[in-house]
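So the protein sequences, as listed, match chains A and B. One point on numbering: in the UniProt record's numbering, the residue at position 220 of the first sequence is 220, and numbering is uninterrupted. One point on numbering: in the UniProt record's numbering, the residue at position 225 of the second sequence is 225, and numbering is uninterrupted.
There are 2 protein chains.
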Amino acid sequence: MVSLEKVSSNRVSAGFLTKYKFPSKSLNGLTTSFNVFIPDSAKSNKVPVLFYLAGLTCTEDTAAQKGGLFNEAGKQSIALVFPDTSPRGANVQGEDDDWQLGTGAGFYLTATSEKWKAYNMYDLIVKELPEVLKEANLGLDFSRWSITGHSMGGHGALSIYLKNPGFFKSASAFAPVCNPSRTPWGINAFTNYLNVPAPSSENAQPPKEWLEYDSSYLLKNYSGDVNILIDVGKGDDFYKKGQLEPKAISDQNKKGVEVRLHDDFDHSYYFISTFSPEHVAFHAKHLNA
Amino acid sequence: MVSLEKVSSNRVSAGFLTKYKFPSKSLNGLTTSFNVFIPDSAKSNKVPVLFYLAGLTCTEDTAAQKGGLFNEAGKQSIALVFPDTSPRGANVQGEDDDWQLGTGAGFYLTATSEKWKAYNMYDLIVKELPEVLKEANLGLDFSRWSITGHSMGGHGALSIYLKNPGFFKSASAFAPVCNPSRTPWGINAFTNYLNVPAPSSENAQPPKEWLEYDSSYLLKNYSGDVNILIDVGKGDDFYKKGQLEPKAISDQNKKGVEVRLHDDFDHSYYFISTFSPEHVAFHAKHLNA
């Protein structure tokens with residue numbers, strides 16, 4: 001049994017937000033922190049769980065402080081889990097030099113490069129953290145589990161959802177990286193963490209190791225029903241620069257997938273906090289169905 | 001006419017949050033920044049205005065990022081104005097050494113000490129900023145104006161409201177400093193900014209210059225009707241340490257004053273963001289009456 005150390009606790013909405021840390025097996029023994037919001041109602045009946053995966057440069061605190069998720073989560077009796085975005089202190093050469101790779105930029109995958117061997121946020125989120133939370137007996141019901149995220153974390157939420165049929169009731173994302181095997185942040189992450197080089201031509205099919213983490217590819221090959229909500233701001237510079245490519249998902253016209261483009265909104269938490277209550281309500285509908 | 005320089009603009013809720021800066025006469029010519037949220041509806045009809053005064057160490061960005069005010073303000077068609085908490089760069093000796101005095105700690109008064117002569121946040125907020133905003137023709141209706149704030153900013157909101165009968169429709173505060181002439185932050189601020197020494201005995205009547213900024217004293221001597229809402233968390237360390245003293249207000253049992261104490265909540269923005277939609281709705285009721 002993992003020793004979960006309480007770092008802090010704050011009353012918020014109709015529950016408590018508590019920060020814990022623990023040494024993570026997935027991250028080669030490095031200590032990782034996460035925040036969990038547990039509504040009071042969990043004391044009498046287990047509550048469903050929504051994971052929030054944050055974007056580049058963020059931590060487990062960013063969306064807790066700026067995301068505006070708690071009042072709706074409290075009202076809907078849903079627990080929220082905010083993991084960190086990467087290992088911390090892995091001592092990989094250069095890991096703190098570039099905000100797009102290394103610390104704060106784990107990309108929610110399982111690294112296969114020897115150099116980045118601690119970078120296994122996928123394993124942490126899909127396997128270890130749910131186990132740790134179940135063992136801690138906090139009143140969370142992982143048979144009702146959904147996932148959301150922003151930007152890199154939107155990629156994380158969608159790809160983790162699509163790679164694990166039956167695990168989650170629903171997925172949503174704010175300004176997600178939808179087609180990482182063909183866009184710069186993804187190519188950079190896959191080239192390094194997976195140690196699989198880019199194809200010689202831009203038009204060539206990306207390597208299969210990359211496609212395993214590409215939500216638009218995963219969706220294309222997904223056979224079951226899906227419940228996906230995606231919001232993107234048209235004023236988002238990363239959208240304009242082709243980092244997000246929601247068309248790669250919306251053009252598939254899949255049943256159960258809603259992609260909404262919003263005039264003027266940018267990539268910031270002002271965008272997220274505008275729509276986050278709707279996302280919590282979207283998940284509540286599926287978690288409580 | 002003041003030259004208002006746009007620093008940034010973000011779409012949020014049903015409007016835009018814009019940061020401006022300008023050289024402030026009140027602050028001896030120092031440049032000050034503020035954020036203003038203007039709902040889209042201001043384009044067709046002028047909208048009422050709610051000022052938010054932040055607490056010690058904060059800036060014009062803190063509540064904009066963490067306060068959770070925008071969705072309700074957008075829904076209610078209310079503009080929000082977030083001033084800074086002190087002058088910046090006044091070059092007073094020691095102003096950056098103590099988070100409780102100087103930079104980030106302007107205490108919303110008009111300094112009468114020669115040393116702190118730029119520290120005139122009261123004048124900025126009550127007189128200059130409304131004038132600057134009116135001149136800029138942004139669609140704000142200052143005949144419908146209310147004020148709120150947190151901690152030091154809660155003191156600011158309540159004292160400014162009570163010192164200016166007829167200016168504001170309503171005031172509210174999160175964990176405000178209610179009796180600053182008898183509690184440490186206030187005594188420290190008044191002693192320094194007003195250059196009026198503390199009385200020789202703790203039980204003596206505080207100096208009249210101090211009482212002019214003491215909300216509990218101002219309320220006692222207020223003759224008109226008031227609309228005041230105050231929320232305080234019982235888990236707030238500053239409440240427990242006697243910095244806030246809401247009893248000095250609630251014990252007066254004044255009509256139109258509601259003081260609510262909440263189990264477990266602390267001094268953080270988790271507390272504020274839980275109740276901020278209710279505060280916006282409280283002000284909306286009075287602004288749109």
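No residue lacks a Cβ here, since even glycine has one placed at the ideal position from N, Cα and C.
>> Check whether the region 110-130 of chain A and the region 184-195 of chain A are in contact - that is, three or more C-beta pairs closer than 8 Å.
In response: They touch, by the three-pair rule.
> At what residue ranges does the region 117-190 of chain B contain a whole run of the alpha helix (DSSP H), taking only runs of 4 or more?
Replying inline: Whole alpha helix (DSSP H) segments, 4+ residues: 129-136, 152-163.
> Beta-carbon separation of A:Val-47 and A:Gly-149 under 8 Å?
Replying inline: Walking along the first sequence from the start, residue 47 of chain A turns up at place 47. Walking along the first sequence from the start, residue 149 of chain A turns up at place 149. Pairing A:Val-47 with A:Gly-149 gives a Cβ-Cβ distance that is not under 8 Å.
>> Spatial neighbours of B:Glu-135 within its chain, please: C-beta separation below 7 Å, excluding the five flanking residues on both sides.
In response: Along the second sequence, read from residue 1 onward, the residue named residue 135 of chain B stands at position 135. Closer than 7 Å at the Cβ level, and outside the excluded window around B:Glu-135, lie Met-1, Val-2.
>> Which complete alpha helix (DSSP H) runs does the region 4-88 of chain B hold, if anything under 4 residues is left out?
In response: The DSSP assignment places 62-66, 70-76 as complete runs of the alpha helix (DSSP H) inside the region 4-88 of chain B, in order along the chain (cut-off: 4 residues).
>> Can you tell me whether A:Pro-277 is buried or exposed? The criterion is at least 16 other CB atoms within 10 Å of its CB, across all chains shown.
In response: As a working note, residue 277 of chain A is residue 277 in the first sequence. Classification for A:Pro-277: buried.
> Any beta-carbon of chain A closer than 8 Å to the one on B:Thr-274?
Replying inline: Position 274 of the second sequence holds residue 274 of chain B. The Cβ of B:Thr-274 sits closer than 8 Å to at least one Cβ of chain A.
>> Assuming contact is defined by CB atoms lying nearer than 8 Å, are B:Glu-60 and B:Pro-83 in contact in what I supplied?
In response: Along the second sequence, one-based indexing puts residue 60 of chain B at 60. Along the second sequence, one-based indexing puts residue 83 of chain B at 83. Yes, they are a contact pair.
>> Quick check: A:Ser-24 and A:Thr-18, are their CB atoms within less than 8 Å of each other?
In response: Here the question's residue 24 of chain A lines up with position 24 in the first sequence. Here the question's residue 18 of chain A lines up with position 18 in the first sequence. Result no, Cβ atoms of A:Ser-24 and A:Thr-18 do not sit closer than 8 Å.
>> Let me check one thing: in DSSP terms, what residues is A:Asp-231 bridge-paired to?
In response: Against the first sequence, residue 231 of chain A aligns to sequence position 231. Paired residues: A:Phe-174, A:Arg-260.
> Along chain E, in chain order, which residues have C-beta atoms closer than 7 Å to that of B:Val-259?
Replying inline: Reference to chain E is not applicable here, since the protein chains of this structure are A and B.
> Should A:Asp-98 be labelled buried (16 or more other beta-carbon atoms within 10 Å of its own) or exposed?
Replying inline: As a working mapping, residue 98 of chain A is identified with position 98 in the first sequence. By the Cβ neighbour-count rule, A:Asp-98 is exposed, with fewer than 16 other Cβ atoms within 10 Å of its own.
> If A:Lys-220 and A:Gln-243 are in contact, beta carbons under 8 Å, what's the gap, nearest whole angstrom?
Replying inline: Reading the first sequence from its first residue, position 220 is the one you call residue 220 of chain A. Reading the first sequence from its first residue, position 243 is the one you call residue 243 of chain A. That pair is no contact at about 20 Å.
>> Buried or exposed, going by whether 16 or more other CB atoms sit within 10 Å of the CB of residue 291 of chain B?
In response: Residue 291 of chain B lies beyond the range of chain B shown here (1 to 289); nothing can be said about it.
> Where does the unbroken alpha helix (DSSP H) through B:Trp-210 begin, and where does it stop?
Replying inline: Position 210 of the second sequence, counting from 1, holds the residue named residue 210 of chain B. Annotation for B:Trp-210: the continuous alpha helix (DSSP H) segment containing it runs 208-211.
>> Nearest by alpha-carbon distance to A:Trp-145: which of A:Leu-162, A:Phe-168, A:Ser-268, A:Gly-154 is it?
In response: Sequence index remark: in the first sequence, residue 145 of chain A carries index 145 (1-based). Distances from the CA of A:Trp-145 to each of A:Leu-162, A:Phe-168, A:Ser-268, A:Gly-154 were compared; the closest alpha carbon is that of A:Phe-168.
> Pick from A:Lys-241, A:Tyr-217, A:Ser-170, A:Ser-200: whose alpha carbon is nearest that of A:Val-257?
Replying inline: As a first step, residue 257 of chain A must be located in the first sequence, where it is residue number 257. If we check each option's Cα against that of A:Val-257, A:Ser-170 comes out closest.
> Alpha carbon to alpha carbon, what distance is there between A:Gly-106 and A:Pro-197?
Replying inline: As a first step, residue 197 of chain A must be located in the first sequence, where it is residue number 197. As a first step, residue 106 of chain A must be located in the first sequence, where it is residue number 106. Take the alpha-carbon of A:Pro-197 and the one of A:Gly-106: they are about 18 Å apart.
> What's the gap between the Cα of B:Ala-204 and the Cα of B:Ser-181?
Replying inline: Here the question's residue 204 of chain B lines up with position 204 in the second sequence. Here the question's residue 181 of chain B lines up with position 181 in the second sequence. Going from the Cα of B:Ala-204 to the Cα of B:Ser-181 covers about 11 Å.
> By Cβ distance, which residues of its chain are closer than 7 Å to B:Thr-62, with the 5 residues on each side in sequence left out?
Replying inline: Here residue 62 of chain B refers to the residue found at position 62 when the second sequence is read from its first residue. Around B:Thr-62: Ala-54.
>> Just verifying my parser: in three-state terms, what is the DSSP assignment at A:Leu-194?
In response: Sequence index remark: in the first sequence, residue 194 of chain A carries index 194 (1-based). Residue state, collapsed to three classes: coil.
> Taking DSSP as the reference, what is the three-state secondary structure of residue 290 of chain A?
Replying inline: Because chain A spans 1 through 289 in this model, residue 290 of chain A falls outside it and cannot be assessed.
> Shortest alpha-carbon distance to A:His-155 belongs to which of A:Lys-66, A:Ser-143, A:Ile-249, A:Gly-235?
Replying inline: Residue mapping note: residue 155 of chain A aligns to position 155 of the first sequence, counting from 1. Sorting A:Lys-66, A:Ser-143, A:Ile-249, A:Gly-235 by C-alpha distance to the C-alpha of A:His-155 places A:Ile-249 at the top.
>> Out of A:Pro-165, A:Lys-21, A:Phe-271, which one is the CA nearest neighbour of A:Ala-173?
In response: Working through the first sequence from its first residue, we reach residue 173 of chain A at position 173. Residue A:Phe-271 holds the alpha-carbon nearest to the alpha-carbon of A:Ala-173 among A:Pro-165, A:Lys-21, A:Phe-271.
> Of all Cβ atoms in chain A, is any one closer than 8 Å to the Cβ of B:Phe-265?
Replying inline: Taking the first residue of the second sequence as 1, we reach residue 265 of chain B at position 265. Chain A contact via Cβ: present.
> Can you tell which of B:Leu-50, B:Asp-123, B:Val-36 has its C-alpha closest to the C-alpha of B:Ala-281?
Replying inline: Against the second sequence, residue 281 of chain B aligns to sequence position 281. Here the closest residue by C-alpha is B:Leu-50.
> Given a threshold of 16 other Cβ atoms within 10 Å of its Cβ, counted over all protein chains shown, does A:Lys-66 qualify as buried or as exposed?
Replying inline: Residue numbering aside, residue 66 of chain A sits at position 66 when the first sequence is read from its first letter. With 16 or more other Cβ atoms from the protein chains shown falling within 10 Å of its own Cβ, A:Lys-66 counts as buried.
> Apart from the five residues on each side of it in sequence, which residues of its chain come closer than 8 Å, Cβ to Cβ, to B:Asp-141?
Replying inline: Taking the first residue of the second sequence as 1, we reach residue 141 of chain B at position 141. Same-chain partners within the cutoff: Lys-46, Val-47, Pro-48, Val-49.
>> Which residues in chain A have a C-beta closer than 8 Å to the C-beta of B:Lys-66? List them in chain order.
In response: For the purposes of this step, residue 66 of chain B is taken as residue 66 along the second sequence, with counting starting at 1. Under a criterion of Cβ atoms nearer than 8 Å, the residues of chain A adjacent to B:Lys-66 are, in order, Gln-65, Lys-66.
> If we ignore side chains and look at the alpha-carbon of each, how far apart do A:Ser-44 and B:Ser-273 end up?
Replying inline: Position 44 of the first sequence, counting from 1, holds the residue named residue 44 of chain A. Position 273 of the second sequence, counting from 1, holds the residue named residue 273 of chain B. Near 26 Å, if we compare the C-alpha coordinates of B:Ser-273 and A:Ser-44.
> Which term fits B:Tyr-11, buried or exposed, when burial requires 16 or more other beta carbons within 10 angstroms of its beta carbon?
Replying inline: Position 11 of the second sequence holds residue 11 of chain B. Inspection of the sequence shows that residue 11 of chain B is occupied by Arg rather than by Tyr. Buried, since its Cβ has 16 or more Cβ neighbours within 10 Å.
> Is B:Leu-261 near B:Lys-234, with beta carbons less than 8 Å apart?
Replying inline: Your numbering for residue 261 of chain B matches position 261 in the second sequence. Your numbering for residue 234 of chain B matches position 234 in the second sequence. Taking 8 Å as the Cβ cut-off, B:Leu-261 and B:Lys-234 qualify as a contacting pair.
>> For a contact defined as C-beta to C-beta under 8 Å, what are the partners of A:Tyr-269 on chain B?
In response: Position 269 of the first sequence, counting from 1, holds the residue named residue 269 of chain A. The answer, in chain order, is Gln-65.
> For residue 290 of chain A, is the classification buried or exposed, using 16 other Cβ atoms within 10 angstroms of its Cβ as the cut-off for buried?
Replying inline: Given a span of 1 to 289 for chain A in the structure shown, any question on residue 290 of chain A remains unanswerable.
> Where does A:Ala-281 fall in DSSP's three states?
Replying inline: Sequence index remark: in the first sequence, residue 281 of chain A carries index 281 (1-based). Secondary structure of A:Ala-281 (DSSP, three-state): helix.
> B:Phe-37 to B:Ser-151, Cα distance in whole Å?
Replying inline: Translated into the one-based positions of the second sequence, residue 37 of chain B becomes position 37. Translated into the one-based positions of the second sequence, residue 151 of chain B becomes position 151. Linking B:Phe-37 to B:Ser-151 through their CA atoms gives a straight-line distance of about 22 Å.
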